[in-house]
Amino acid sequence: MATRTPRTRQRARELTVEERKDRFLEELAKRANVSAAAKKAGVGRSTVYDWYRADEDFAKRWDEAVDVAVDSLEKEAWRRARDGVLKPVYQKGEKVGTVREFSDQLMITLLKAHRPDRYRDRQQLEHTGPGGQPLPPAVAQVNVYIPDNGRDRNEPEAS
23 MATRTPRTRQ
33 RARELTVEER
43 KDRFLEELAK
53 RANVSAAAKK
63 AGVGRSTVYD
73 WYRADEDFAK
83 RWDEAVDVAV
93 DSLEKEAWRR
103 ARDGVLKPVY
113 QKGEKVGTVR
123 EFSDQLMITL
133 LKAHRPDRYR
143 DRQQLEHTGP
153 GGQPLPPAVA
163 QVNVYIPDNG
173 RDRNEPEAS
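The sequence shown begins at 23 in my numbering and counts up by one.
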């Protein structure tokens, strides 16, 4: 049986590129943070972006991982908007209870996202001519005034 050298043991402990990709994607699905996921996988940010550009399957899995992370954020936003969060209430430095606070901003954002036909901000601007007819093409009119400097008068020149 051949004994392993320290270098061989080190290589045996190192993760393969595929294992690093898997570790990166697993972390990316938790928080959609490329820097943190790259660090967890033991690679640089530029490396994972190189993988993204070069490997179509990896790019697809990356996009799916980001969707998973965003779905978990959306789930938490729904919970905070619908169920609220308990905040401690203090009196004279002592905790005396809790109050449930809801996030109206989250609620509005979620309604706009999921029912844009009813809750989106509406703005409509129309430019029409008389009776709703189209506006005529714009014509630029330039009036230039050049002041009289006296050169065109037929006055004798002073000698």
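Glycine residues also receive a C-beta, built at the ideal position from the N, C-alpha and C atoms.
The way I'd put it, the region 97-105 doesn't touch the region 65-83; fewer than three beta-carbon pairs between them come closer than 8 Å.
With contact defined as three or more Cβ pairs closer than 8 Å, the region 123-142 and the region 158-170 are not in contact.
If you check the CB distance, Ala-103 and Leu-132 come in under 9 Å. Of the residues assessed, Leu-50 falls on the buried side of the cut-off, its CB having 16 or more other CB atoms within 10 angstroms. Here the alpha carbons of Ser-125 and Asp-143 stand approximately 19 Å from one another. For Gln-113, the uninterrupted beta strand (DSSP E) run begins and ends at 107-113, by DSSP. Contact check for Ala-54 against Val-92 passes: the beta carbons are separated by less than 9 Å.
When Thr-69, Gly-106 and Glu-41 are compared, the shortest CA-CA separation from Gln-127 is found for Gly-106. Bridge pairing for Gly-119: Val-111 [DSSP].
CA-to-CA, the gap between Val-56 and Pro-158 works out to about 53 Å. Closest by C-alpha distance to Asp-89, out of Pro-156, Glu-148, Gly-172 and Leu-47, is Leu-47. Here Lys-134 is exposed, its C-beta having fewer than 16 other C-beta atoms within 10 Å. Where Tyr-141 is concerned, the enclosing alpha helix (DSSP H) starts and stops at 138-141. Counting every other CB atom within 10 Å of its CB across the protein chains shown gives Arg-173 a total below 16, marking it as exposed.
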